[in-house]
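Chemist: First to last, the protein sequences are chains U and X.
Take 1 as the starting number for the first sequence in the numbering used here and just add one per residue.
Take 414 as the starting number for the second sequence in the numbering used here and just add one per residue.
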Amino acid sequence: MDHYLDGASIEDAVTLFRRRLCDSSSLDLLLPNASENYSKLRYLLSNTVTNTCNNSVLLLGPRGCGKSMVLERVMKELQHQHSDMISIVRLNGLLHSDDRCALKEIAKQLCLEHHLTFSKTASFDENSQFMIAMLRECALAHKAVIFVLDEFDLFAQGKQRVLYNLLDTMQSVLSQAAVVGISCRLDADQLLEKRVRSRFSHRKLLFSPPSTEDLQRLLEQALILPTDSTFPHVEYAARFNARLTDIIENKSFKDILSNVVNVDLSVRRLLDFLFRAVCDLDRDSGLLSLRNFRTAVSSIQRQPKLETLRDASVLELYLLVSMKRLESKDCDSYNFNAIMKEYMDLHNAHPTCDLYSRQICLRAFEHLLERQLIAFIDKRGQNIALEFRPVKLLVASHELNEGLKTSPVCPGP
Amino acid sequence: MAERDSAVHTPLPPLSYSNKQKSHKSSSARKSGPLTPEPLPSRGQVTKRLFFAGEEGGGKEGEKEKAAEDDLKTPLYESPPKKPKSHPSTDNENEEKSSGPKSKRVLDFASTTKSVRRSSRLQKPDEVEAPTSPLHNEPVKSSIRISAKKTTKKQPKSATITPARHKPSKKSHQRARRLKCVAQKTEHADRIKNKVTKKACKGFSKVVFDGVEFRVGDCVYVRRQDSSSDSDEADCEECQICSKVGKGIMVECDECLGGFHLSCLKPPLKQVPQDKWLCPYCERNEGNTIQRRRRRKTKKTAREKLLNSQLWAARIDRLWKEPGGSYRFTGRWFIIPEETTIGRQPHNLKRELFQTNHFDDNEMESILRHCYVKGPKEFEKCTEGDDVFLCEYEYDINWHAFKRLADADVDEESNRSLDSENDWNSSEDSGEDDFEDEEEDFQEKPVKAKSTAKTPCSQKSSLSVKAVNTYRGCIIGLEKIGTKKIPDRARCRRQTDLDRAKATLMLAASPGSLPCRNKEIDEITGFVMGALAAGSQCLGRCLYIHGVPGTGKTATVLTVMKKLRAKVDAKVIQPYRFVEINGLKLAQPENLYKVLYEALTGHRVSWKKALQFLNQRFSETKQTSKNDCQPCILLIDELDLLVTRNQSVLYNIFDWPTRAHSQLIVIGIANTMDLPEKLLPRIASRMGMQRLCFGPYSYQQLQEIISSRLNGIEAFEKQAVEFVSRKVAAVSGDARRALELCRRAAELAEFRVQQCSISLKTASNELNVSGGGTLKNLVGMADIEAAIHEMFQAPHIQQWFMRTLKQEHQRQHLKSLQPLFHSYAQIMESNALIGTHFFPLVVGLVLVGFYFVNQVLAIVCRNYN
């Protein structure tokens, strides 16, 4: 063990990483146009709070690029700034896309916010009247109401009553409200009906997905140890950072990173990946290695089918392969008998010692059904014998190839 | 005593208020001790105590006990230093001082109406300058004398109106006067009694009292019982420097409200300053204004007294005569900022009052004279007179919360319909009781200025567990919402032209008039007037209005209705009902029956019942009550939403007008031009007779709309407005879109100006381009272009563009805004954006083609017709 290393410094570093990676608030604004959108949105909403400008704005962008994060931050700041002057109503398109339900939820949240009694039995009309009256009273008391509609595109179904009602009340003098829609559909505003669109104030904030460079910058920001006074172990930090830059420059690391990013671009995913890597940190040397990242990737991207294939017996693999062969022969529907025939053909062509009797094959077939590597095509014919029911393969061909390669029992070519 | 009083009151804001309450209780109890029949309180505990006080005969000890009790129960109020209210010596003092209260009252009034003091908030100096200056005080004095004489003569005459029991002796009069300020909180019982008798002797709309006319809705000073009598009241404000009255124009300090002669100031002012003005004392920040006052005089004007809480102000809500013969009024109190729980806030104006939700019945005797409480806009205009106050907020005394008073012109609509309805009802069926219980009726009456939710009674019900989002005639229980503190930003005015432009361009900002829709307004007015004039013979009057969104359909109809309402008020046309229903705000089409029936009768029933009743009502040949013969105008917005499978709702709506005596006039609004044709023929034949098309706005019209909104604000370049209107007219002709575009452009321009000023400050030499001509505060073409790009371009193109721009930006390490625009142009030119360049061109050509074809078609149609 080197002289600069002690348990404390590694422990400190790991704590620091964990804190950074779990509370991502310091990292989020590194996303592309997050800070720009943040200031725009804050300008819009604070205008609503202070100058009674009724605005409606859409935050558009693919998932995981910081839309909600920016909104939450703006809200937090505004609430801090003007405490007690803002009430927030949150709706989600997945939960409240139904008009009645949405209005009920609005009424409920407004009641909660202002400590009023809420009745579950109120009808749609009553709730909408209540909402209008409430908005008016809030405006008279200089209080702003901010409606946050998550999954905005789902509200744009059917008659769009909720949106119409909300946006129509924003037109009246006696209201002080803003509608913020969040959607991952870039054309969300085109989904609106024409009279709703006419009332919408067409503010759009675009969030672009982070590029690989952005993510790399973010990664560096997350993992580089500070060399100033905040982190006491300077020598260790310097060494750690040097090692990290080495890793980042490495070609295979870039492959790993792109492997992670290709699946999911979101920051959350990346941070999860880093967290796993940091958890694997070698406590002796105290340095990250490429192996850490590799294990992190494999633990993130688990492939259950491959693992099941690894456990399969030779006979089961034979059966799967014969099904695969049947499929490649454009045979759409097959049952155990067909598979059995194919298996026998296979054996006739390449005779090996792995020839089993029909009974044993049937057992193996049942086992495959149990493990859900294959399944019946339909639910019909419950009372037909097992051998005659048509089945289908649930393993893709490339997965089967992978599985055969990695399987310990598979006979070599 | 007055000095001491103010000294006591100002530091302890809530104190005076509780004092007020208590004085109400104790003395009202004394007055109506045995009379108070049952403790039906506006607020439970209060009356109970009151009742006790009555029993004990208002003894001092009992009072103190009660005070202690009060303090326990309402810990928000600090315990007040009790004044010996019923002490004989104070009575004597009062007696001495107010030897001739009635003549004095007239005198006060005369003096204040005539004397034009000065004005600080004076916006137009020419108004005051010439005529009033040195002379104005002389005639006032003479008039005082005269009026004083007159009133002494008139005394018997006014006594015919004043209750007889004030006459006999000075002492009894004095007692009456003491009683008058007493808030009768007990009065629920009383009120109901009054209400019952109201049918016999109605509330008056005006009462001439002591030769002064008081109307319902007037604001008055109300004497306070514990304050010293009004004999020490100054007629007129005197100059703070020379201590003389009259002699030239005076200017008011905005801080201490002291008056100063223009000529007494050093250096003398020539004119009354336009904006805020501080007197030399306040400017030097000499805090001890009390000292200055003491130096002056002992007399105080009514305004000073009010602001020192020696007087109260109230708005008369109702005037009536008691069976005993005394005239009484129900007043809604105003309070000064010191009396609120939060005390005076720094941004409260000196002349600011708050309207409370606190009502009391008092005798007319307690009224001192008129004062004038105005809304912010009127207050701004009203620059002279000492008795003018500003009231912008309502203060809820139960929740200690402020709420803005709704703007008059907005509130008017609903109130007036209520009022006129009431009038109509009362004049038509005086004998009939159309309300189930009397309390409800009572609540309706005094609260005209506000929604019914704010009477103490409804407050009580809100304290119970009833939910707020269920509808029982009105939504009650919302008075809790209100700021504990008025934010100071509400006071600050909009500074720059751009700010004001943004404010007027908002969709929520109500335009004063609707330009470019005169023809349609005329047509709708003609239709409605014709239908109303036809009276019971009007059969099948339906109007179908169609047009694309944002062309002012609903706004136009509402404007017409507003105008007609004014005509009804002027008794030009007969009253009618107006019911507005929006198809998209109904949960299901059938609910329309429910809403309509409720609007017509005030009862809530299920839609099936409502349909049945409505069918009955409209098909009946003989009307049951006279009330029903009011014609009803039904406006249905978003008519296409009411189409059901068998279209029965629409059929019913358009069938009722064709029945005899139904007196129903239907105006339907929808977007599609051919809605009647899509419907069943039997509906189409009923509704499609009269149609009105709101075409999309042309660019000239849009230009006019925008410039009428921006009237007097120098914020937009002329070409920019034209550019917006042409752009929008080419796409949709939607006024909302044009306004939003302009607003966004204004925001962008503001941002640009900010950036420029910052960059100019930091490095003026670096950016020589923006330093010169482009630093204008006007919204230009570039801003509009950017706004259009931002708001109406497809997001994926924008996203692509942003990414490219960013890369370019990073590559060149450009930092400032100006090169960014350069790179914008470069990208547009260099990159493969030829497609997007051509695209608008093609679309434009196609549009031009369409336009041309349209024009030709229109001409052909016209010729054909």
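Every residue gets a Cβ at the ideal spot worked out from N, C-alpha and C, and that includes glycine.
1. Counting only beta-carbon separations shorter than 7 Å, does X:M1086 have a partner in chain U?
2. Taking the Cβ atom as the reference point for each residue, do U:P210 and U:P62 lie within a distance shorter than 7 Å?
3. Roughly how many whole angstroms lie between the Cα atoms of X:N770 and X:C695?
4. Please report the distance separating the alpha-carbon of X:K718 from that of X:D631.
5. Mind checking U:H80: buried by the 16 CB within 10 Å criterion, or exposed?
6. Output yes or no for whether 7 Å exceeds the beta carbon distance between U:G403 and U:L274.
7. I'd like the span of the beta strand (DSSP E) that includes U:R325, first residue to last.
8. At the 7 Å Cβ level, is X:P1208 part of the contact set with chain U, yes or no?
9. Please state whether DSSP places U:A178 in a helix, a strand or coil.
10. Tell me whether X:S556 sits in a helix, a strand or coil according to DSSP, three-state version.
11. Applying a beta-carbon distance threshold of less than 9 Å, which residues of chain X neighbour U:Y164?
12. Check whether the region 385-398 of chain U and the region 362-377 of chain U are in contact - that is, three or more C-beta pairs closer than 8 Å.
13. Can X:E626 be considered in contact with the ligand SAM, in the sense that its beta carbon sits closer than 6 Å to one or more heavy atoms?
14. Name the chain X residues whose beta carbon is nearer than 7 Å to that of U:K379?
15. Once DSSP output is grouped into helix, strand and coil, what is the label at U:V391?
16. Tell me whether X:I1082 is buried or exposed, calling it buried when 16 or more other Cβ atoms sit within 10 Å of its Cβ.
17. Quick check on the DSSP output: what are the complete beta strand (DSSP E) runs of length 3 or more inside the region 54-142 of chain U, in order along the chain?
18. By Cβ distance, which residues of its chain are closer than 6 Å to U:A421, with the 5 residues on each side in sequence left out?
19. Going by DSSP, name the residue or residues bridged to U:V145.
20. If you measure from the beta carbon of X:S923 to each beta carbon in chain C, is any gap under 7 Å?
21. Cα separation between X:L911 and U:L218?
22. Taking 8 Å as the threshold, find out whether the region 1105-1118 of chain X comes into contact with the region 1132-1147 of chain X through three or more Cβ pairs.
23. Of all the options X:V1192, X:G948, X:D774 and X:V1018, which has the alpha carbon lying nearest to the alpha carbon of X:G744?
24. Assuming contact is defined by CB atoms lying nearer than 7 Å, are U:L223 and U:L191 in contact in what I supplied?
25. For a quick check, are the C-beta atoms of U:A141 and X:K816 less than 7 Å apart?
26. Cutting at 6 Å between CB atoms, please list the residues of its own chain near X:L1054, excluding the five before and the five after it.
27. Classify U:C65: buried if its beta carbon has 16 or more other beta carbons within 10 angstroms, exposed otherwise.
28. Classify X:V621 as helix, strand or coil using the three-state DSSP reduction.
29. If U:S198 and U:L58 are in contact, beta carbons under 8 Å, what's the gap, nearest whole angstrom?
30. Taking the straight line between their C-alpha atoms, what separation do you get for U:R42 and U:S68?
31. Does the distance from the C-beta atom of U:D150 to that of U:A188 stay below 7 Å?
32. At a Cβ threshold of 7 Å, is X:Q1211 touching chain U?
33. Cβ of X:A1148 within 7 Å of Cβ of X:S1111?
34. Would you say U:H114 lies against chain X (beta-carbon separation less than 7 Å)?
35. Quick one: which residues of the region 1009-1026 of chain X get their C-beta closer than 8 Å to a C-beta of chain U? List them in chain order.
36. If the cut is a Cβ gap below 7 Å, which residues of chain U does X:V881 touch?
Modeler: Per the coordinate set shown:
1. no
2. no
3. 35 Å
4. 19 Å
5. exposed
6. no
7. No beta strand (DSSP E) contains U:R325, which is instead part of the alpha helix (DSSP H) from V314 to S328.
8. yes
9. strand
10. Confidence is the limiting factor: at X:S556 the pLDDT is only 33, short of 50, which leaves the residue's position unreliable, though a coordinate-based value still follows. Residue state, collapsed to three classes: helix.
11. N995, L997, K998 and E1051
12. yes
13. Within the structure as shown, the ligand SAM is missing, as the structure has no ligands at all.
14. Going along chain X, no residue has its Cβ under 7 Å from U:K379, so there is no contact; the nearest lies around 36 Å.
15. strand
16. buried
17. 55-60 and 86-92
18. The first residue shown for chain U is 1 and the last is 413, placing residue 421 of chain U beyond what the model contains.
19. U:S87 and U:A177
20. Chain labels in this structure do not include chain C; the protein chains are U and X.
21. 40 Å
22. yes
23. X:D774
24. no
25. yes
26. G996 and L997
27. buried
28. strand
29. That pair is no contact at about 15 Å.
30. 13 Å
31. no
32. yes
33. no
34. yes
35. none
36. C111, L116, T117 and F130
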